[in-house]
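In this text, residue positions in the first sequence follow the numbering used here: the first is 1, and each later residue adds one.
First comes the structure, then the notes that go with it.
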Amino acid sequence: MTTGTTKKAVVSSVRSGVCHRWSKSLIPTTREAPNDAETPSHILLHRAGYIRQVGAGIYDYLPLAHRVLNKVGDIVREEMDAAGATELLMPALEPFELFEGTKRHEDYGANLFRLEDRKGRLNALAPTHEEVITHLMMGSVSSYKQLPLNLYQVQTKFRDEARPRAGLLRCREFIMKDAYSFHMHVEGPGGLNEAYDAMYRAYTNIFTRCGLDFTAVEAESGPIGGSASHEFMVNCASGEDTILKCPVSGYAANVEKCETGERPKGTLQEPPTGEWTEVHTPNLPGITEVGKAMGVKPERMLKTIVFSVDEGEGKSFKWIIATVRGDHDVNEGKVKTLAGVKKIAMADEKAARAAGFAIGYVSPKCVNAVPGTLLLIDADASHGGFWATGADKADYHAKHFNWRRDVGAALDDSGRVKVGDVRNALEGDPSPRAAGSKLVTGRGIEVGHIFKLGTKYSDAMGFAILDATQQKKSVIMGCYGIGVSRTMAASVEQNNDANGICWPAPIAPYHVLITLMKPEDPKQQEIAGKISCELVGKGIDVLIDDRDERAGVKFKDADLIGLPIRLTLGDKALEQGGVEYKTRRDTGKGEVVPIADVTAKCLAAING
RNA sequence: CGGGGUGUAGCGCAGCUUGGUUAGCGCGCUUGACUGGGGGUCAAGAGGUCGGGGGUUCGAAUCCCCCCACCCCGACCA
Numbered sequence: 001m002t003t004g005t006t007k008k009a010v011v012s013s014v015r016s017g018v019c020h021r022w023s024k025s026l027i028p029t030t031r032e033a034p035n036d037a038e039t040p041s042h043i044l045l046h047r048a049g050y051i052r053q054v055g056a057g058i059y060d061y062l063p064l065a066h067r068v069l070n071k072v073g074d075i076v077r078e079e080m081d082a083a084g085a086t087e088l089l090m091p092a093l094e095p096f097e098l099f100e101g102t103k104r105h106e107d108y109g110a111n112l113f114r115l116e117d118r119k120g121r122l123n124a125l126a127p128t129h130e131e132v133i134t135h136l137m138m139g140s141v142s143s144y145k146q147l148p149l150n151l152y153q154v155q156t157k158f159r160d161e162a163r164p165r166a167g168l169l170r171c172r173e174f175i176m177k178d179a180y181s182f183h184m185h186v187e188g189p190g191g192l193n194e195a196y197d198a199m200y201r202a203y204t205n206i207f208t209r210c211g212l213d214f215t216a217v218e219a220e221s222g223p224i225g226g227s228a229s230h231e232f233m234v235n236c237a238s239g240e241d242t243i244l245k246c247p248v249s250g251y252a253a254n255v256e257k258c259e260t261g262e263r264p265k266g267t268l269q270e271p272p273t274g275e276w277t278e279v280h281t282p283n284l285p286g287i288t289e290v291g292k293a294m295g296v297k298p299e300r301m302l303k304t305i306v307f308s309v310d311e312g313e314g315k316s317f318k319w320i321i322a323t324v325r326g327d328h329d330v331n332e333g334k335v336k337t338l339a340g341v342k343k344i345a346m347a348d349e350k351a352a353r354a355a356g357f358a359i360g361y362v363s364p365k366c367v368n369a370v371p372g373t374l375l376l377i378d379a380d381a382s383h384g385g386f387w388a389t390g391a392d393k394a395d396y397h398a399k400h401f402n403w404r405r406d407v408g409a410a411l412d413d414s415g416r417v418k419v420g421d422v423r424n425a426l427e428g429d430p431s432p433r434a435a436g437s438k439l440v441t442g443r444g445i446e447v448g449h450i451f452k453l454g455t456k457y458s459d460a461m462g463f464a465i466l467d468a469t470q471q472k473k474s475v476i477m478g479c480y481g482i483g484v485s486r487t488m489a490a491s492v493e494q495n496n497d498a499n500g501i502c503w504p505a506p507i508a509p510y511h512v513l514i515t516l517m518k519p520e521d522p523k524q525q526e527i528a529g530k531i532s533c534e535l536v537g538k539g540i541d542v543l544i545d546d547r548d549e550r551a552g553v554k555f556k557d558a559d560l561i562g563l564p565i566r567l568t569l570g571d572k573a574l575e576q577g578g579v580e581y582k583t584r585r586d587t588g589k590g591e592v593v594p595i596a597d598v599t600a601k602c603l604a605a606i607n608g
């Protein structure tokens, strides 16, 4: 997304750089990656000596990684501060009583790390800090005059992920920046929307400054509704998340949220293609296998999913069945919207069976067979022609399903059957924002997520204060997260080549690597000292490779660790009164630059 | 949680099918020599509870049982 990002110099002489020696650091590069590393960032961060695995989803951050994390953290802090937020630090250890109001330990379930202390009291390792900060605020803020406030921290988070994977991209312990804002109202000065917009801009600045190619996408709406949540996705083919974009309007959303333009609906009046014919299809795990067994392509099958409706909704139906084409996926959010209900859940298998649904073999006919059922038909599934479907009894599917013949009069009752959009958006779907434009898909790594919480937590925990009119009001909240360690990994996913990492200058652990061909040579030592002194004075961070290694080893390692600029001090260039200058992305051998010009050239390249 | 896979030296692997000297190889590491601008050569070394426990057997890295760890796919994921 493009916004008015201010171009910032990466370094300046206001703050000195640092100069470290390779021999005094711990940079254990390896020729080979561990066999269980498959993702580029995992392989390269390991091989280049940035990380080591301790356990599943648990990593050491070695000195180089620590410096990158600090650089990302510095950028985050600058932009958060500039956006009016203030840093604090909360504990990672959290007494379980804090969850009493929000019941989030139930939502998190096994993902929450639990531990008992010596007194037998239950504690959690915090997965995020809504409860902790709300608790803090309840004890510290008693007047509307103290709001708005936006507080943040950069801290280690813990989530017992069912499946940690891909190195730093999905960990059980990771570094996160989390911010929480507090307001008396949503609109206008000091309101939630203002803070949210400021965070949107700050995040855009942060990821731009980190040198990432990213997309801000609309994500699932919060309790307030509207476009209440955005995810910041690093564009990357290996990303876990699917995003969709409209090339004309710029609309972008994740697959859970993405709307589509109007798709053509069928009339539900077409004649049958043949007799209802049942086929024995036992023990087949998915629609693909069922299709194979029946000799039917998934796009000619109907997939019917059963949802239960919360009793509190007060609706005439307690079940919703949603029918989509076999090659499509039901979207729960769209089901809710089309049905006009706020809360649904995938049907409990036992309860659904008891009601008469043959789970795994459900057909749209259940709208008639099971009382209190609303049928939602996706537009793409509402056409005529041949359909195969579940046969409403265990181990059987059926061919030649026909809407009019097999569902009948219910189709004409809009209280029992609705046709609309209930599936996930796909590549090629019509854009919801620009007529004639089609959605394109991409993959992304979620590095940031901003969210309008509303009063979800303040209500649950009883955080309400008097406003100017002496009305007691629940405090309105927003929360804003950035995966700092994930951002580091995502950057490597985007910035590497066959030889190693290619850091963007703003988050590189050092800007310049000085490679001494003969580290014991006093002349090379002297020149390295002089150049590094000058560079440091300009705010540039320098690493000197002073190891007694062969040239080939040093060059290979230099490419691997990926610093933006390499200066080589060797006889060849020194005889010409210069040093060899090469940027990481430059594939050639570099150029000889007079010693007097080196600092200016580095500075220009780094800030360029 | 379901499916698949892997555990042998710091890293990458062979050996296991068909049990049998002292468990091998490459990289890395140590020492020495030669070398010296893209992971150099030669020589001599160090380094192992064969993931753990139990069992079968005269004898187990190898066969059997249980457990653990890690990876991949899926489910899940404020």
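Glycine is no exception: its CB is placed at the ideal position from the N, C-alpha and C atoms.
Expected contact under 8 Å - CB spacing of residue 298 and residue 291 to nearest Å:
Contact between residue 298 and residue 291 holds: their C-beta atoms lie close to 5 Å from each other, under 8 Å.
Counting Cβ pairs, one atom from each stretch, are 3 or more of them under 8 Å apart for the region 112–131 and the region 48–61?
Inter-segment contact for the region 112–131 and the region 48–61 is absent: fewer than three beta-carbon pairs are separated by less than 8 Å.
So the candidates are 557, 183, 11, 512; which of them puts its Cα closest to the Cα of residue 582?
Cα-wise, what sits closest to residue 582 is 512.
Give the DSSP-derived three-state secondary structure of residue 69 in the structure shown.
Helix at residue 69.
Excluding five sequence neighbours on each side, which residues of the same chain lie with their C-beta closer than 6 Å to the C-beta of residue 561?
Only 48 meet the Cβ criterion.
Which runs of the beta strand (DSSP E), 3 residues or longer, sit entirely within the region 265–349?
Segments of the beta strand (DSSP E) lying fully in the region 265–349: 277–280, 302–309, 319–325, 344–346.
Collapsed DSSP secondary structure at residue 38 in the structure displayed
The answer is coil: DSSP assigns residue 38 none of H, G, I, E or B.
Tell me the rounded alpha-carbon separation between residue 539 and residue 8.
In this structure, the straight-line span from the alpha carbon of residue 539 to that of residue 8 is close to 14 Å.
DSSP three-state call for residue 223: helix, strand or coil?
Low per-residue confidence applies at residue 223: pLDDT is 48, beneath 50, and the placement is therefore not dependable, though the value from the model is reported in the following sentence. Of the three classes helix, strand and coil, the one that applies to residue 223 here is coil, per DSSP.
In the structure shown, what three-state DSSP assignment does residue 535 receive?
If DSSP states are grouped into helix, strand and coil, residue 535 belongs with the helices.
Terminal residues of the beta strand (DSSP E) in which residue 566 lies:
Per DSSP, the continuous beta strand (DSSP E) segment holding residue 566 begins and ends at 565–569.
Between residue 195 and the rest of its own chain, which residues show a CB-CB distance below 8 Å, the 5 nearest in sequence each way excluded?
Taken in chain order, the residues that qualify are 84, 148, 150, 181, 183, 478.
According to the neighbour-count rule (16 or more other Cβ atoms, all chains shown, within 10 Å of its Cβ), is residue 389 buried or exposed?
Answer is buried; the Cβ neighbour count reaches 16.
Which residue's Cα is closest to the Cα of residue 280: 430, 185, 428, 394?
Of the listed residues, the one whose Cα sits closest to residue 280 is 394.
Euclidean distance between Cα positions of residue 246 and residue 119
Rounded to the nearest angstrom, the two C-alpha atoms are 57 Å apart.
Just the Cα atoms here: how many angstroms apart are residue 224 and residue 451?
For residue 224, the predicted model reports a pLDDT of 47, less than 50, meaning its position is unreliable and no value from the coordinates is stated.
Could you check the C-alpha separation between residue 551 and residue 93 for me, to the nearest Å?
Cα to Cα, the separation comes out at about 48 Å.
Can you give the Cα-Cα distance for residue 396 and residue 387, rounded to whole angstroms?
Using only the alpha carbons, I get a separation of about 15 Å.
Check whether the Cβ atoms of residue 483 and residue 203 lie closer than 9 Å to each other.
No, these two residues do not count as a Cβ contact at 9 Å.
Using only alpha-carbon positions, find the residue among 453, 114, 367 that is nearest to residue 412.
With distances taken between Cα atoms, residue 412 lies closest to 367.
Neighbourhood of residue 185 by C-beta, 6 Å cutoff - its chain only, sequence neighbours within 5 removed
So the qualifying residues of the chain are 191.
Option in 487, 525, 106, 102 with minimal Cα separation from residue 131:
Ranking 487, 525, 106, 102 by Cα distance to residue 131 puts 102 first.
If we call anything under 9 Å between Cβ atoms a contact, is residue 509 one with residue 439?
No.
Beta-carbon contacts of residue 98 that lie in its chain and below 7 Å, excluding the five residues immediately before and after
For residue 98, where only same-chain residues beyond five positions count, the Cβ hits under 7 Å are 131, 132, 135.
Option nearest residue 423 by Cα separation, candidates 255, 469, 33:
Sorting 255, 469, 33 by C-alpha distance to the C-alpha of residue 423 places 255 at the top.
Nearest-angstrom Cα distance between residue 140 and residue 177?
Going by the C-alpha atoms only, they are around 22 Å apart.
With a CB to CB cut of under 6 Å and the five nearest residues on each side skipped, what residues in its chain are close to residue 600?
Once the five neighbours on either side are set aside, residue 600 has no close Cβ partner at all.
Tell me, please, which residues DSSP counts as bridged to residue 62.
None; residue 62 has no bridge partner.
Under 9 Å between C-beta atoms of residue 464 and residue 473
Yes, the Cβ-Cβ distance between residue 464 and residue 473 is below 9 Å.
May I ask you to report which of helix, strand or coil DSSP gives residue 501?
Reduced to three states, the DSSP call for residue 501 is strand.
With a CB to CB cut of under 7 Å and the five nearest residues on each side skipped, what residues in its chain are close to residue 416?
By the criterion of a C-beta distance shorter than 7 Å, residue 416 is surrounded in its chain by 367, 374, 375, 410, once the five residues flanking it on both sides are discounted.
Measure the CB-CB distance between residue 339 and residue 359 and report whether it falls below 9 Å.
No; because the gap between Cβ atoms is not below 9 Å, this pair is not in contact.
Let me know the secondary structure DSSP gives residue 46 once reduced to three states.
Of the three classes helix, strand and coil, the one that applies to residue 46 here is helix, per DSSP.
Rounding to the nearest angstrom, what Cα-Cα distance links residue 144 and residue 467 in this structure?
Their Cα atoms are separated by approximately 5 Å.
Taking the DSSP output, what are the residues bridged to residue 390?
Answer is 397, bridged to residue 390.
I need the boundaries of the beta strand (DSSP E) containing residue 583, first residue and last residue.
Its beta strand (DSSP E) spans residues 578–583.
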